[in-house]
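Q:
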Amino acid sequence: MSLAEIQSQVKALPPSERVVLSAYLRHLSRCDSVSNKQSLDAAAARMEAGEKVSRAQLVRLHESLKAEGV
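Quick note: the sequence shown uses the working numbering, first residue 124, plus one each step.
(1) Determine the DSSP secondary structure at residue 176, reduced to helix, strand or coil.
(2) Helix, strand or coil: how does DSSP classify residue 137 here?
(3) In angstroms, rounded to a whole number, what distance separates the CA positions of residue 134 and residue 154?
Following this line, the structure appears as structure tokens:
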């Protein structure tokens, strides 16, 4: 499929599907990058060192933000 054909197909998509496609393309553009791998390694190291939240804490935060309309 040519780029022009892909662009034509994308134009025909509803906005909600364009959002999903956009996120997928961003994911593809960075998933194998060195900087992304370094960032993931750093995040994993922080979590191993204890910098994380429990599921219960996350649920409380979510409920509080939802109550505020965020």
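For every residue, glycine included, the Cβ atom is placed at its ideal position computed from N, Cα and C.
Quantities reported herein were computed from a predicted structural model and do not represent experimental measurements.
A: In this structure, then:
(1) Correct three-state label for residue 176: coil.
(2) Reduced to three states, the DSSP call for residue 137 is coil.
(3) Each residue's alpha carbon lies about 25 Å from the other.
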